[in-house]
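Colleague:
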Amino acid sequence: MRTALYPGSFDPITNGHLDILKRALKLFDHIILAIAANEEKEPTFSLEERLQFVEENVYGLENVSVEAFDCLLVEYARKKEAIALVRGLRAVSDFEYEFQMAQMNRHMDAEIETIFLMPNEKYFFTSSHLLKLVHKYGGEGPALVPTNVLRALKASYKASTKSD
Ligand code: ADP
Numbered sequence: 002m003r004t005a006l007y008p009g010s011f012d013p014i015t016n017g018h019l020d021i022l023k024r025a026l027k028l029f030d031h032i033i034l035a036i037a038a039n040e041e042k043e044p045t046f047s048l049e050e051r052l053q054f055v056e057e058n059v060y061g062l063e064n065v066s067v068e069a070f071d072c073l074l075v076e077y078a079r080k081k082e083a084i085a086l087v088r089g090l091r092a093v094s095d096f097e098y099e100f101q102m103a104q105m106n107r108h109m110d111a112e113i114e115t116i117f118l119m120p121n122e123k124y125f126f127t128s129s130h131l132l133k134l135v136h137k138y139g140g141e142g143p144a145l146v147p148t149n150v151l152r153a154l155k156a157s158y159k160a161s162t163k164s165d
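Take 2 as the starting number for the sequence shown in my numbering and just add one per residue.
1) Just reading off the alpha helix (DSSP H) that Ile21 is part of, what are its end residues?
2) Examine the Cβ distances between the region 69-78 and the region 93-109 and report whether three or more of them are shorter than 8 Å.
3) What's the C-alpha gap between Arg51 and Glu114?
4) Below 8 Å, can you find three or more Cβ-Cβ pairs linking the region 87-101 to the region 35-44?
5) Under the criterion of a Cβ to heavy atom distance below 7 Å, does Leu90 qualify as lining ligand 1?
6) Using the beta-carbon count (16 or more within 10 Å), is His130 buried or exposed?
7) So, for Met119: in the same chain, excluding its five sequence neighbours on each side, which residues have a beta-carbon less than 8 Å away from its beta-carbon?
8) Grab me the residues of Ile21's own chain with a C-beta within less than 6 Å of its C-beta, minus the 5 sequence neighbours each way, in chain order.
9) If you draw a straight line from the C-alpha of Arg3 to the C-alpha of Lys159, how long is it?
10) Is Pro147 near Ile14, with beta carbons less than 8 Å apart?
11) For Ala111, which option in Tyr60, Val150, Arg79 has the closest C-alpha, if you only look at C-alpha atoms?
12) Pull the bridge partners of Val67 from the DSSP assignment, please.
13) Tell me whether the beta-carbon of Phe54 lies closer than 8 Å to the beta-carbon of Val135.
14) If we ignore side chains and look at the alpha-carbon of each, how far apart do Arg152 and His18 end up?
15) Verify whether the separation of the beta carbon atoms of Pro8 and Leu132 is less than 8 Å.
16) I'd like to check one pair, Asn16 with Tyr98: are the Cβ atoms closer than 8 Å?
17) Thinking just about the alpha-carbon of each residue, which of Arg24, Lys27, Glu122, Ala5 is nearest to the one in Val67?
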């Protein structure tokens, strides 16, 4: 059984994340999509909301489980007997940070490989952060997030304009 972790903040999950997940499923028997509690990043959506957004979108996918973690990533990977960490690379701008993270994780556990996958080019510019910003200012466009996330983004935009 070849298990890989796909870790991230998923704040919220986007179609780019889902694209990477589907590609990773072709390479491994089991993917654990691991949501970092990441309180230091002050996420927009609570851990429960982020879990729910993902769970509703992987429902029925047998080889995927969704979990939250709040510890050192390599420790978590060892505990889950994962042989690899999956990360997505969009543009060159992702590379520097991802390269540092991968090297640091290898430094801590040389047995766990980090593998990078590229999404479909239509998601090269999709980021959770940018989408939240666009929605905050009432922006629209072809959906780059699953429907449950789109609903939540629209609702949070409406709530923020009401309170202004
Ligand atoms: P983190 O806070 O760990 O960077 P993210 O949820 O932002 O968590 O991203 C998790 C992983 O998914 C990262 O490797 C990131 O580069 C990747 N990712 C994010 N958006 C996309 C996208 N549109 N296409 C491909 N990979 C992506």
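Just so you know, even glycine gets a beta-carbon here, dropped at the ideal spot from N, CA and C.
Here the structure is a predicted model, which means the values were calculated and not measured.
Modeller: According to the structure shown:
1) 16-26
2) yes
3) Straight-line spacing of the CA atoms in Arg51 and Glu114 works out to 26 Å.
4) In this structure the region 87-101 does not touch the region 35-44; the number of beta carbon pairs closer than 8 Å is below three.
5) yes
6) exposed
7) Gly89, Leu90, Arg91
8) Gly89, Leu118, Pro120
9) 44 Å
10) Yes, these two residues count as a Cβ contact at 8 Å.
11) Arg79
12) Leu34
13) no
14) 18 Å
15) no
16) no
17) Ala5
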